[in-house]
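Here's the structure, in structure tokens; my notes come after.
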Amino acid sequence: MRHYKITAKGKVQGVGFRNFTKAYADSKGYKGSVQNLANGHVEIFVSLEDLGDFLAALQKGNGRMKASSFEIEHLDSTDSMEFSSFEVLP
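So the working numbering is basically just the index in the sequence shown, starting at one, shifted up by 1145.
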């Protein structure tokens, strides 16, 4: 399992991005969190094997959201946060 911090930029707040991300993560059994940032971006912490599949789903989205770019940081297992599920944070 690999751990990532992802910052999604674009039209990602007020369009269901966090709930879409949670629903997709739950369907795949991923653990982590998603939250809005004050600067209009969304921050995601996630533990998974296939990052490409996850990002493709977020780019496809729900029709209202439009992630224009992602900043991706690979976290060491010692740096990652432990989650028992995928959570939507405020």
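We put the CB at the ideal spot given by N, CA and C, even for glycine.
| Asked | Found |
| --- | --- |
| Beta-carbon spacing of Ser1213, Lys1154 below 7 angstroms | yes |
| Spatial neighbours of Thr1152 in its chain, beta-carbon cut-off 6 angstroms, leaving aside the 5 residues before and after | His1186, Glu1188, Glu1216 |
| Cα-Cα separation between Leu1234 and Ala1201, rounded to whole angstroms | 22 angstroms |
| Strand pairing of Gln1180, partner residues [DSSP] | Glu1188, Leu1234 |
| Same chain, Cβ closer than 8 angstroms to Phe1228, five either side skipped, listed in chain order | Lys1176, Gly1177, Ser1178, Phe1190, Ser1192 |
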